[in-house]
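Read through the structure below, which is laid out as structure tokens, and then see the notes.
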DNA sequence: TTGTACGCGTTATCAT
DNA sequence: ATGATAACGCGTACAA
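Chains as they are written, first to last, in my numbering: chain W, 652 to 994; chain F, 652 to 994.
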């Protein structure tokens, strides 16, 4: 079942392999008639060039890769669409590469860069805590998009696009406080986690402090590690525990919309209502936060703009127009029906 | 910035390339000490083998690919996890390849098969209407999982795993009828669409007929083509139109949970309630159908089992234990709070 | 146990 | 306009 190669085609056409290659790749130096003749034979024999061989030989290729940690996260959906459209518009091709939770995204990137002769890379999601040494192994430009960064990084070493998680987080907790809430529970990432969860937790602390609300450790609930992080199920389980603990509170801040939905479900099951008994807020602005009942008050991230800017920066990097860039987008506090003002 | 190759490593170590290759690939014929020495040099110089070269040279490789049409569909999430686990367990590696809505999945598969020397392929989602001739270009085993098939296919030409969409669809509409509903609207795929939408529509028609309910064309609503198919937004927009049309009905059957949620939202916005004013049912059994308020009555597909069986069949195919297989799983009618009995 | 040399399928270089 | 041939980086007979 040996696969048919370019040589076979060349023989069948009675031409050299070079000519066949020219036909395939739309090279100029070939007559129209031999080209159509060759293409015909190719079609008839279902010849498909071997990509490994092409990539091996090619020195450059107009392709970029987007590495996603947590590809099942609906948050990325609208971004993927933008990446697709924008790369196409620039006549680039686009590889979407899933990165496993346990995998090291940089290692994957390094490998992929060599394999596919990438022109640029976008990292999406996850947390970033890699040594500069490791980053330096990437020889092509890259952009970190919607990624929580460890602070000790030198801003000159990379590019990034995201919202200011601390600030936006502050914003929504501040809103809750202004609505009269003082006992606000939070569902966030475990404390040893260097992630957006941590940043959003920081915003929570700041807002409480600003409003002179005493911090209550028992209102801080961390996602369970044995369940998908940031998932509805996680929010559900954690909230059930919170409810059963008997600790008093009037509002829950879940650091993602999915968690918030899980929280609502737990509240409903306990016979209570949202927002009459408890206010619930989320973060991200997923579609479902609008469709849920009640619709969820949240911080909406401008995902399309973020993706757009990510691509723009990446191509500016590729075209050497810049050496690095950092862009922060504001989130939008979307007030909906999952929160109510306390008397 | 020329990348470092296996030759460079060989030179630096003062050995031949073969030895380096052996060290990398854990070959037996190499002394422990030279191996560790070589690995050390590799680490120090951040050498990463070029995958294109490897794939080109290798005649076989223990890897399978899963091609997903509509990777943003949360329905696939739990399946992906199973694929990952099961392939790992069998010491295979696993490539998740997104297929664009407009792309031809078979073409992608053919290319990928050559490029990566695949051992097998799983097709996930979408509709399947490819000629046998095209299918024959695939030289490795493949399984169609949760895919709506055109009926004219010879069952001997392929393998498949899924639920019986017509039957399950019948089941849920039958349930609605038994609850006293007779004016049941349906939100489904456009009629020219050869997909699960069509199959589920068939089940709807059968159930109505069985219950002696006259078919009302105006209660058949098709998804809009300018919006993501099977999305919440689509269900939302279509239901708004339905509501505004003034056509009377007591229940909506949306052929996917996402559509159902959009339908609920539209109902809420019109000032009506679910299930008091309208019953709503979905299909698939997504997590969100449980977490939504009200929780959605739906047909739950056994996604884990489907994925499990898909992999099992694929490996049986690879091991030549079988030549083809078809497995149909029953769906589960999950009755929740979005439906009520009519007096 | 180790090294040399060839070939995987393609594209680029350089003739013709 | 076309063709022969040398890489691309790696794995593997085969020889040592």
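Using N, Cα and C, we set each Cβ at its ideal position, and we do this for glycine too. None of these values were measured; they are calculated from a predicted model.
Within the DSSP bridge table, the entry for residue 813 (chain W) names W:979 as partners.
Contact between the region 965 to 981 of chain F and the region 925 to 941 of chain F is not established, with fewer than three Cβ pairs separated by less than 8 Å. The Cβ of residue 736 (chain F) sits no closer than 8 Å to any Cβ of chain W.
In this structure, residue 850 (chain W) places its C-beta atom within 8 Å of the C-beta atom of residue 820 (chain W). With fewer than 16 other Cβ atoms inside 10 Å of its own Cβ, residue 869 (chain F) counts as exposed. Scanning chain F for C-beta atoms nearer than 8 Å to the C-beta of residue 827 (chain W) yields nothing, as the closest lies near 21 Å away. In the displayed model, residue 866 (chain F) falls within coil according to three-state DSSP, outside both helix and strand. Setting aside the 5 residues that flank it on each side, residue 670 (chain F) is surrounded in the same chain by 661, 664, 681, 685 and 689, each with a C-beta closer than 8 Å to its C-beta; the list follows chain order. In the DSSP assignment, residue 871 (chain W) falls within the beta strand (DSSP E) that extends over 871 to 873.
Taken in chain order, the members of the region 898 to 916 of chain W whose beta-carbon sits within less than 7 Å of a beta-carbon on chain F are 912, 913, 915 and 916. Boundaries cannot be given for residue 777 (chain W), as no alpha helix (DSSP H) includes it and DSSP labels it neither H nor E.
Within the region 729 to 767 of chain W, the complete beta strand (DSSP E) segments at least 3 residues long are 744 to 750, listed from N- to C-terminus. Judged by their CB atoms, residue 845 (chain W) and residue 982 (chain W) are not nearer to each other than the 8 Å cut-off. The three-state reading of DSSP puts residue 727 (chain W) in helix, counting H, G and I together. Assignment of beta-bridge partners to residue 836 (chain W) by DSSP yields W:903.
The continuous stretches of alpha helix (DSSP H) do not include residue 653 (chain W), and DSSP gives it neither H nor E. DSSP lists F:949 as the bridge partner or partners of residue 985 (chain F).
Within the same chain, and ignoring the five residues on either side of residue 848 (chain F) in sequence, the residues whose Cβ sits closer than 7 Å to its Cβ are 839, 840 and 906. When Cβ pairs closer than 8 Å are counted between the two stretches, the region 700 to 712 of chain F is seen not to touch the region 714 to 730 of chain W, the count staying below three.
Taking CB atoms only, residue 938 (chain F) has a neighbour in chain W less than 8 Å away. The residue from F:828, F:947 and F:966 with its alpha-carbon nearest to that of residue 987 (chain F) is F:947. Residue-level contact check: residue 725 (chain F) touches chain W, since one or more beta carbons of chain W fall below 8 Å from its beta carbon. According to the DSSP secondary-structure assignment, residue 715 (chain F) is paired through a beta bridge with F:745 and F:771. For the region 691 to 708 of chain W, the beta-carbon criterion of a distance under 7 Å to any beta-carbon of chain F is satisfied by 697, 699, 701, 702, 703, 704, 706 and 707. Looking at F:788, F:697, F:900 and F:861, the one whose alpha-carbon comes closest to that of residue 871 (chain F) is F:900. Rounded to the nearest angstrom, the gap between the Cα atoms of residue 808 (chain W) and residue 717 (chain F) is 36 Å.
For residue 804 (chain W), there is no enclosing beta strand (DSSP E), as DSSP marks it with neither H nor E.
Per DSSP, the unbroken beta strand (DSSP E) holding residue 793 (chain F) starts and ends at 793 to 796. Ranked by how close their Cα comes to the Cα of residue 915 (chain F), the residues F:778, F:896, F:938 and F:891 have F:891 in first place. Taking residue 692 (chain W) as the centre and dropping the five residues before and after it, the same chain places the C-beta of 660, 663 and 664 closer than 7 Å to its C-beta, in chain order. Under the Cβ distance rule, residue 765 (chain W) counts among the residues neighbouring chain F, one pair being separated by less than 8 Å.
Sequence-distant Cβ neighbours of residue 975 (chain W) in its own chain, meaning closer than 7 Å and more than five residues away, are 807, 809 and 810. At least one beta carbon of chain W lies nearer than 8 Å to the beta carbon of residue 919 (chain F). Residue-level contact check: residue 788 (chain F) touches chain W, since one or more beta carbons of chain W fall below 8 Å from its beta carbon.
Contact with chain F is found for residue 749 (chain W), since one of that chain's Cβ atoms lies less than 8 Å from the residue's Cβ.
By the neighbour-count criterion, in which a residue is buried when 16 or more other Cβ atoms sit within 10 angstroms of its Cβ, residue 796 (chain F) is buried.
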